[in-house]
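Enquirer: Chains as they are written, first to last, in this note's numbering: chain A, 2 to 289; chain B, 23 to 338. Heads up, the beta-carbon is just placed ideally off N, CA and C, and yes, glycines get one too. Because the structure is a prediction, the values reported are computed rather than measured. I have a structure here, written as structure tokens, and I will follow up with some questions on it.
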């Protein structure tokens, strides 16, 4: 019984992180139509920045949210305005934009990764923060991991309310349905798409900050997280933000179950699910 | 006089190609070991790049799985190298890569391009993890030793693989299959309506393009002597193939070759002393090419002043 509770709770803890990562990617693909394979690099930047702030300046990891989030948002916003906007303008069709933006993000992946290698070096970095055990339904978990889930839920729910209730949120949802129609209805589409891309980067950086509280971080950690985010986005349904959240939790539970049996095969199990999904239901849980 | 000029113009390109081929085929007779190894590297990158363009060029489906097929080739060589002769090992590697690509293509290419891109991107990571788990839990060792071959022999194997690839690429462009592929790239729906089995054509060409990558991986592994999953399944190979092809210009036959040669030289200059700078430069070049030179370097070469000069002379 205790092991089942343990597996489920640690699945939820993992799922919260996955959900956050996938929401960012889902926003970037679902609205801005950019297949951003450099998503994981923003996670890495968030994690390593938090590590630097904590070890060099003793800044509380949670407070580094105030730095990571806005800086990553600005970076994403500028990237969309300079790179992806230009590609959009020069692409004759959405299909061409999709491949060219994918290629550009593949290039950016290596640009960001190597800047990070230059800055932080290839070493694995970690710190301990709130690492004392907390008893939960008879199973003990690190307080930092529980804090991670709480923060992920808080950020996820806040962001969802933002999308559902604010004017910008409405514009984003309109752009997600049909960006041309939204532009014709008076939505400043360039700005909305750039904001979406920025939010995606910001969410990734926040996820990176949370990851750094529990797991070691390093300059080449991004790609596996990008792969996981992609699987979650397909599992949840391409372009659906609630779907991404749900997909994240589902994959987290599966991951926790598999790593209980054989930790080295977690990613392999995710891929098996990915392949099955493509065979049986490529539209995912909440896809149209 | 005038007819002579025309025959010379017609013969010039084939003559120069023949000269280049002779120079490449006799390289080990006059060049140093270092030059032979450098040439092997360059030709290997040309193979990766031209293979990528074979499928992704006409269709626009971006494959990020070159490293996976390369790694499969490397590991086929590591496993079978001690029991089979080199030609059979390379054949086995080609077959393994073909099967893997056919499986991936069959699974993803009936869906939208997004799924293909996502799946191929993670494929490298998947195989690396699976292999690491297998090596650690079954064989108990992380790496493997590979039977080493002479650098001259490896050079000729790579050269033969490249020539076969170029021949395949040339013939494919003129075949029904190649035409079907091009029409898919222009409009997939229209291609399907004219009676082309769209998924099958895409899958066959994708699998065919993986053959040469796997074969090159198997040959290169015999130069290294030691491999582990991190060396064999390195994202660098996917990235290099894509960057070189886009930089050179995937639309023309010579574009990817030009891109690969330029980058392979740059790599030789930078990789040992400044590995991060090399990768950084390649990433930047990829982004800048997409933004400012979408047709690639070959387009720029076509616009060069001396070309205009010659063009005016030809028309006169």
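Kindly list, in the order they appear in chain A, the residues whose Cβ is closer than 7 Å to that of residue 257 of chain B.
Expert: What residue 257 of chain B touches in chain A: 224.
Enquirer: Residues in the same chain with beta-carbon distance under 6 Å from residue 78 of chain A, minus the five sequence neighbours each way, listed in chain order, please.
Expert: Short of 6 Å from the beta carbon of residue 78 of chain A, and not among the five residues preceding or following it, lie these beta carbons of its own chain, in chain order: 195 and 199.
Enquirer: Ignore the nearest five residues each way along the sequence and tell me which others in residue 114 of chain B's own chain have a CB closer than 8 Å to its CB.
Expert: 98, 102, 106 and 240
Enquirer: To the nearest angstrom, how far is it from the Cα of residue 109 of chain A to the Cα of residue 305 of chain B?
Expert: For residue 109 of chain A and residue 305 of chain B, the distance between alpha carbons rounds to 6 Å.
Enquirer: If you reduce the DSSP assignment to three classes, tell me which class residue 1 of chain A lands in.
Expert: In the structure as shown, chain A begins at 2 and stops at 289. Residue 1 of chain A is therefore absent and cannot be evaluated.
Enquirer: Can a CB atom of chain B be found closer than 8 Å to the CB of residue 100 of chain A?
Expert: yes
Enquirer: Taking beta-carbon pairs under 8 Å, can you tell me which members of the stretch 150-182 of chain B lie near chain A?
Expert: 151, 152, 154, 155, 158 and 159
Enquirer: So, under 8 Å CB-CB, residue 256 of chain A and residue 17 of chain A are touching, yes? Tell me the CB distance rounded to an integer number of Å.
Expert: 12 Å between Cβ atoms; not a contact.
Enquirer: If I'm right that residue 22 of chain A touches residue 257 of chain B with Cβ under 8 Å, what's the distance once you round it to whole angstroms?
Expert: 19 Å between Cβ atoms; not a contact.
Enquirer: Could you name the residues of chain A that residue 137 of chain B contacts, counting a contact when the two beta carbons are closer than 8 Å?
Expert: 235, 279 and 283
Enquirer: Would you please state the rounded distance, in angstroms, between the beta carbons of residue 225 of chain B and residue 124 of chain B? I believe it to be under 8 Å.
Expert: 6 Å
Enquirer: In chain B, which residues lie less than 8 Å from residue 96 of chain A when you measure between Cβ atoms?
Expert: Listed along chain B are 82 and 135, each with a C-beta nearer than 8 Å to that of residue 96 of chain A.
Enquirer: So residue 118 of chain A and residue 220 of chain A are supposed to be a Cβ contact under 8 Å. How far apart are they, rounded?
Expert: 5 Å
Enquirer: Looking at the unbroken alpha helix (DSSP H) that takes in residue 250 of chain A, where does it start and where does it end?
Expert: Where residue 250 of chain A is concerned, the enclosing alpha helix (DSSP H) starts and stops at 242-262.
Enquirer: Can you name, in chain order, every residue of its own chain whose Cβ lies under 7 Å from the Cβ of residue 163 of chain A, other than the five neighbours on each side?
Expert: 170
Enquirer: Are the stretch 34-48 of chain B and the stretch 149-164 of chain B touching by the rule of at least three beta carbon pairs closer than 8 Å?
Expert: no
Enquirer: Report yes or no: do three or more beta-carbon pairs, one from the stretch 245-262 of chain A and one from the stretch 161-174 of chain B, lie closer than 8 Å?
Expert: no
Enquirer: Please classify residue 277 of chain B: is it buried, with 16 or more other beta-carbons within 10 angstroms of its beta-carbon, or exposed?
Expert: Result: buried.
Enquirer: Assuming residue 24 of chain A and residue 245 of chain A are in contact, meaning their beta carbons sit under 8 Å apart, how far apart are those beta carbons, in whole angstroms?
Expert: 5 Å
Enquirer: Could you name the residues of chain B that residue 116 of chain A contacts, counting a contact when the two beta carbons are closer than 9 Å?
Expert: 298 and 302
Enquirer: Give the residues from the stretch 239-259 of chain A that approach chain B closer than 7 Å (Cβ to any Cβ), ordered along the chain.
Expert: For the stretch 239-259 of chain A, which is checked against every Cβ of chain B, the residues closer than 7 Å are 239.
Enquirer: Taking any Cβ of chain B, which residues in the stretch 68-98 of chain A have a Cβ under 8 Å from it, in chain order?
Expert: 84, 87, 88, 91, 96 and 97
Enquirer: Using a Cβ-Cβ cut-off of 6 Å (strictly less than) and excluding sequence neighbours within five positions of residue 205 of chain A, which residues of its own chain qualify?
Expert: 25, 40, 43 and 44
Enquirer: So does the stretch 270-289 of chain B actually touch the stretch 85-92 of chain B, counting three or more Cβ pairs closer than 8 Å?
Expert: no
Enquirer: Determine the DSSP secondary structure at residue 156 of chain B, reduced to helix, strand or coil.
Expert: helix
Enquirer: Go through its chain and collect everything with a Cβ distance to residue 205 of chain B's Cβ below 6 Å, but skip five positions before and after it.
Expert: 213
Enquirer: Does any residue of chain A have a CB that is nearer than 8 Å to the CB of residue 292 of chain B?
Expert: Answer no: the Cβ-Cβ gap between residue 292 of chain B and chain A never drops below 8 Å.
Enquirer: Select from A:50, A:38 and A:35 the residue whose C-alpha is nearest the C-alpha of residue 218 of chain A.
Expert: Closest option to residue 218 of chain A, judged by alpha-carbon separation, among A:50, A:38 and A:35: A:50.
Enquirer: Determine the direct distance from the alpha carbon of residue 200 of chain B to that of residue 72 of chain A, and round the result to whole angstroms.
Expert: 47 Å
Enquirer: Runs of 3 residues minimum, wholly inside the stretch 47-100 of chain B: which ones carry the beta strand (DSSP E) assignment?
Expert: none
Enquirer: Indicate whether residue 2 of chain B and residue 319 of chain B have their beta-carbon atoms separated by less than 8 Å.
Expert: Missing from the structure shown is residue 2 of chain B; chain B here goes from 23 to 338 and no further.
Enquirer: Between residue 183 of chain A and the rest of its own chain, which residues show a CB-CB distance below 8 Å, the 5 nearest in sequence each way excluded?
Expert: 172, 175, 176, 190 and 193, listed in sequence order.
Enquirer: Give me whichever residues DSSP pairs with residue 297 of chain B in a beta bridge.
Expert: Paired residues: none, contrary to the question.
Enquirer: So residue 108 of chain A contacts chain B; which residues on that side make the cut at Cβ distance below 9 Å?
Expert: 261, 264, 265, 268, 304, 305, 306, 307, 308, 309, 310, 311 and 312
Enquirer: Buried or exposed for residue 147 of chain B, please, with buried defined as at least 16 other CB atoms from any protein chain shown within 10 angstroms of its CB.
Expert: buried
Enquirer: Mind the definition here: the stretch 57-69 of chain B touches the stretch 214-221 of chain B only if three or more C-beta pairs lie below 8 Å; say whether that holds.
Expert: With fewer than three CB-CB distances shorter than 8 Å, the stretch 57-69 of chain B does not count as touching the stretch 214-221 of chain B.
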